[in-house]
Amino acid sequence: AQARTDPSAPRLPALAGQSRARPMASISAAPSYLPLALIDKCIGSRIWVIMKGDKEIVGTLRGFDDYVNMVIDDVREYTFTPQGKRVTHLESILLNGNNITMMVPGGDPEENDGKGGNGAK
Amino acid sequence: LKVIVGRVGSGEVLVSLAMAKKEGGSKSVLDLERYLNQPVRVKFSGGREVKGILKGHDAIANLVLDDVQEFLRDPEDPYKVSEETRSLGLVVARGTSVMLICPADGTEEIANPFAAA
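Chains A and B supply the protein sequences, listed in that same order. Using full-length UniProt numbering, the first residue of the first sequence is number 1, and each one after it goes up by one. Using full-length UniProt numbering, the first residue of the second sequence is number 1, and each one after it goes up by one.
The structure is reproduced here in structure tokens:
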């Protein structure tokens, strides 16, 4: 699979002259409005990933591949249960793209008045 | 399709990809062009539901949505959606999870046709 990665990520050696592949823009859509191009722009900054179920991941996006499996650093993992939310910290993860539903570049569940997950109060 | 393989420093192999221009456009079952910049409602596999303005899409229905509000679900019944929402802002939705896309004002509630007479 092809991967897009952050050249300055701590685990990869710095490369001179690396070119990052960009998908060709279609005639009708500006490049920044292609969904994967927007994710690509987010590499190196914070991303909030919302899974199909009641789990959310926030961290620094290092890279992703064609299946949108993601490498994320400095992760806060939120699990929402009827009892409330649980947060774990993980240093670095490979997030399986199978269950990813939404991605919010620069987002954070805490910036939402603390109301998280999907249970209505 | 060109694949460039390089060897770096400690011997790690890095693969980068230069994509060739596609001949012609790929046809999608769903014509999302006509919904661009309009408010839409998107339902996901797993029960999540959002509404937002469609800003972008690709052939496999990955979406870019702006001003997104996610409908919160009933804690008792995760498949029932309440009117409470939380604001998400600019969101990329995964096409593999997208189940349904419709205009935001394209639905109305009707009497239950299956209710016993």
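Cβ atoms here follow ideal geometry from the backbone N, Cα and C, with glycine treated the same way. Quick caveat: nothing in here was measured; it's all calculated off a predicted structure.
| Item | Value |
| --- | --- |
| Test: Y33(A) CB closer than 8 Å to a CB of chain B | yes |
| Within chain A, partners of A93(B) - CB distance below 9 Å | P35, T101, M102 and M103 |
| P109(A) - DSSP class collapsed to helix/strand/coil | helix |
| Interface residues of the stretch 66-86 of chain A facing chain B [CB-CB below 7 Å] | V68 and P82 |
| Residue-chain proximity (L90(A), chain B), Cβ-Cβ < 8 Å | no |
| Test: L30(B) CB closer than 8 Å to a CB of chain A | no |
| Beta carbon proximity, P75(B) to chain A, threshold 8 Å | yes |
| Close Cβ partners of I93(A) (< 7 Å) along its chain, the five nearest in sequence each way excluded | I72 and V75 |
| Any C-beta of chain B under 8 Å from that of G107(A) | yes |
| Whole-angstrom distance between A61(B) and S28(B), CA atom to CA atom | 9 Å |
| Residue from Y33(A), K52(A), D108(A) and K85(A) whose Cα sits closest to the Cα of N96(A) | K52(A) |
| Interface partners of L38(A) on chain B, CB under 7 Å | V64 and V92 |
| Nearest neighbour of L61(A), chosen from P109(A), Y78(A), E111(A) and V104(A) [CA to CA] | V104(A) |
| C-alpha distance - V68(A) paired with F80(A), whole-angstrom precision | 23 Å |
| Own chain partners of A104(B) with C-beta closer than 8 Å, once the 5 adjacent residues on each side are dropped | Q38, P39, V40, R41 and K51 |
| Chain B within 8 Å of K55(A), Cβ atoms only | no |
| D31(B) versus I43(A) - alpha carbon distance | 29 Å |
| Chain A contact residues for K55(B), given Cβ-Cβ distances below 8 Å | Y33 |
| Min CB distance L88(B) to chain A below 8 Å | yes |
| Buried versus exposed call for P113(B) [16 or more other C-beta atoms within 10 Å across all chains shown] | exposed |
| Euclidean distance between Cα positions of I101(B) and E84(B) | 20 Å |
| Buried versus exposed call for M99(B) [16 or more other C-beta atoms within 10 Å across all chains shown] | exposed |
| Boundaries of the beta strand (DSSP E) in which residue 124(A) is found, first to last residue | The displayed coordinates of chain A run from 1 to 121. Any statement about residue 124(A) would go beyond what the structure contains. |
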